[in-house]
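Report on the structure given below.
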């Protein structure tokens with residue numbers, strides 16, 4: 001099984017400053033040292049903010065991936081190479097790649113998929 005684009009972007013963020021909010025409401029901001037495919041993260045030079053607003057400094061921290069609510073990554077990762085691959089594939093009509101079942105159904109309707117009922121006129125004779 002291959003890893004998805006969000007995990008690839010998380011790996012690209014290694015060495016950069018990120019912000020992590022955990023499921024219990026704590027916020028950690030610091031340098032991402034290592035990220036694993038299950039979203040476990042190791043960070044250093046942390047500024048931790050608890051739910052009550054108390055700010056503390058930590059040297060290093062390990063956060064389990066299942067306890068992460070969301071991550072804020074650097075804006076520079078918008079230009080990461082994996083986003084270039086999501087563009088159109090050669091030979092396709094559309095310049096935008098659309099995913100999902102509803103997009104597939106809309107495309108089939110646009111092509112006229114379904115039972116063809118062709119009425120042919122009878123020739124005299």
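Residue numbers (UniProt numbering): 1 to 125.
All residues carry an ideal CB built from backbone N, CA and C; glycine is no exception.
Residue i and residue j closer than 9 Å at C-beta
{"i": "residue 35", "j": "residue 27", "result": "no"}
{"i": "residue 25", "j": "residue 46", "result": "no"}
{"i": "residue 19", "j": "residue 72", "result": "yes"}
{"i": "residue 82", "j": "residue 14", "result": "no"}
{"i": "residue 5", "j": "residue 74", "result": "no"}
{"i": "residue 56", "j": "residue 33", "result": "no"}
{"i": "residue 3", "j": "residue 37", "result": "yes"}
{"i": "residue 39", "j": "residue 65", "result": "yes"}
According to DSSP, residues forming a beta bridge with residue i
{"i": "residue 44", "result": "31 and 60"}
{"i": "residue 70", "result": "21"}
{"i": "residue 55", "result": "49"}
Cα-Cα separation between residue i and residue j, rounded to whole angstroms
{"i": "residue 7", "j": "residue 52", "result": "30 Å"}
{"i": "residue 78", "j": "residue 70", "result": "17 Å"}
{"i": "residue 84", "j": "residue 9", "result": "13 Å"}
{"i": "residue 145", "j": "residue 50", "result": "Any answer about residue 145 is impossible in this case: the structure gives the chain only from 1 up to 125."}
{"i": "residue 103", "j": "residue 63", "result": "37 Å"}
{"i": "residue 54", "j": "residue 80", "result": "35 Å"}
{"i": "residue 106", "j": "residue 76", "result": "34 Å"}
{"i": "residue 48", "j": "residue 101", "result": "42 Å"}
Backbone secondary structure at residue i - three-state DSSP
{"i": "residue 14", "result": "coil"}
{"i": "residue 95", "result": "With a pLDDT of 48 at residue 95, under the threshold of 50, the predicted position of this residue should be treated as unreliable, and no value is reported."}
{"i": "residue 39", "result": "coil"}
{"i": "residue 3", "result": "coil"}
{"i": "residue 80", "result": "coil"}
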